[in-house]
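One structure is given here, and the rest of the page talks about it.
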Amino acid sequence: MGVRLVSCFAFLCAALAASACITAAPHRAAAGATVAPLSPTPLAPPSQADGATVAAPASPTPTWTPDGWRPPPGDAIFDTSPGAPPITHGDRAVPAVYLTFDDGYGFGEEVLAILRQKHAPATACFAGSFMPRNPSFIRHWVEAGFSVCNHTYWHGNLTRLTDPTGDPAKDEPHRFANVQAELTTTVDKLHEYAPDARVLPLFRPPYGAYDDLVSRAAAAAGYRIVLWSLDPEDWRPATTAVALRDRVLAQARPGDIIVFHFERHATVEALPAIIDGLRAKGLEPRGLESLALP
Ligand SMILES: [Zn+2]
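Take any residue in the sequence shown, note its place counting from 1, add 30, and you have its number in my numbering.
Laid out in structure tokens, this is it:
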């Protein structure tokens with residue numbers, strides 16, 4: 031399996047060490063600035079090739095345990111065995127889209143307020159090292175009943191980890207152990223702030239960068255990789271709220287997993303219109319705990 035390298039704050043982090051990345055200040059609006067909601071663009075309903083009525087979204091069926099969400103028997107969503115392929119989207123026959131927000135600082139409270147007001151669940155892919163920047167938000171997210179997926183602790187490129195001794199023979203075991211440590215320390219940090227956090231057995235590698243070893247190490251730690259099928263590029267500083275709204279509403283189709291970030295004010299500005307527009311297209315926003323796979 032090849033290495034995938036895609037967005038996820040790449041503009042900040044691509045050439046930087048993880049430690050440098052997390053100290054980069056997010057773009058913020060002036061204190062007290064109000065967010066003017068955008069009007070949703072009028073949209074045609076989703077086209078159906080055969081004209082058939084689309085079934086209602088499947089109701090969430092995972093079971094919450096003290097260790098996190100656990101699937102009903104046979105639920106392929108939560109197949110975390112080695113070799114299970116990364117998830118990029120849900121069932122295209124289900125008229126739902128899955129909202130995910132990466133990283134964990136910046137405009138989290140603003141995003142959460144909109145999601146609650148719109149009764150739109152979502153999943154946060156938190157990076158452990160970002161949590162101390164906004165611990166009350168982490169707690170509020172969990173208290174709202176929204177789920178969490180694992181986005182590693184240091185938010186580095188897991189395909190590029192090398193053994194500190196410089197011995198290439200040690201790189202692979204070093205990397206395997208470190209991927210697992212990234213995942214477990216993130217949950218430990220999360221539970222410091224939110225002991226009741228609903229941690230899905232899903233892991234989003236930073237930048238979408240993974241290879242076979244990352245996938246195997248994640249599986250050994252009980253996680254399956256989750257990527258996305260729609261990246262409206264809110265991580266690009268040049269992306270405006272209008273462009274973001276228009277991209278999502280033009281491209282979204284049933285089953286999409288959409289990746290947003292908590293760090294962009296444009297995301298906050300566009301989110302109300304995005305949620306309204308998705309519903310106007312017949313696409314109900316959901317969290318990954320409700321993901322129905324093809
Ligand atoms: Zn990220």
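Glycine included, each C-beta is placed from N, C-alpha and C at the ideal position.
- Going by DSSP, residue 263 is part of no beta strand (DSSP E) at all; its letter is neither H nor E.
- Across the set 317, 219, 321, the C-alpha of 317 shows the shortest separation from the C-alpha of residue 145.
- In this structure, the CA atom of residue 162 is about 20 Å from the CA atom of residue 234.
- DSSP, read as helix, strand or coil, puts residue 124 in coil.
- Spanning the alpha carbons of residue 269 and residue 214 requires a straight line of approximately 34 Å.
- The C-beta of residue 185 has 16 or more other C-beta atoms within 10 Å across all chains shown, which makes the residue buried.
- Residue 164 carries a coil assignment under DSSP once its states are collapsed to helix, strand and coil.
- The beta-carbon distance between residue 121 and residue 285, rounded to whole angstroms, is 5 Å. This is short enough to meet the 8 Å contact definition.
- A Cβ-Cβ contact shorter than 8 Å links residue 178 with residue 156.
- If one requires a minimum length of 3 residues, the beta strand (DSSP E) runs lying completely within the region 227 to 310 are 229 to 233, 287 to 291, in chain order.
- Closest in C-alpha terms to residue 277, from the list 200, 172, 260, 236, comes 260.
- Each residue's CA atom was taken as its position, placing residue 294 and residue 135 some 10 Å apart.
- Beta-bridge pairing by DSSP links residue 119 to 286.
- The C-alpha of residue 130 is placed about 11 Å away from the C-alpha of residue 176.
- Counted as a single uninterrupted DSSP element, the beta strand (DSSP E) harbouring residue 315 occupies residues 314 to 316.
- Within the same chain, 193 come within 6 Å of residue 204 by CB-CB distance, once the 5 residues on both sides are set aside.
- At a cut-off of 7 Å, the beta-carbon of residue 267 does not count as near ligand 1: no heavy atom of the ligand is closer than that.
- Here DSSP, grouped into helix, strand and coil, assigns residue 156 to strand.
- The DSSP-derived three-state label of residue 177 is strand.
- Here residue 112 really is in contact with residue 246; their C-beta atoms are around 5 Å apart, less than 8 Å.
- For residue 232, the closest C-alpha among the options 258, 221, 243, 224 is that of 258.
- When the Cα atoms are used, residue 279 and residue 304 turn out to be separated by approximately 7 Å.
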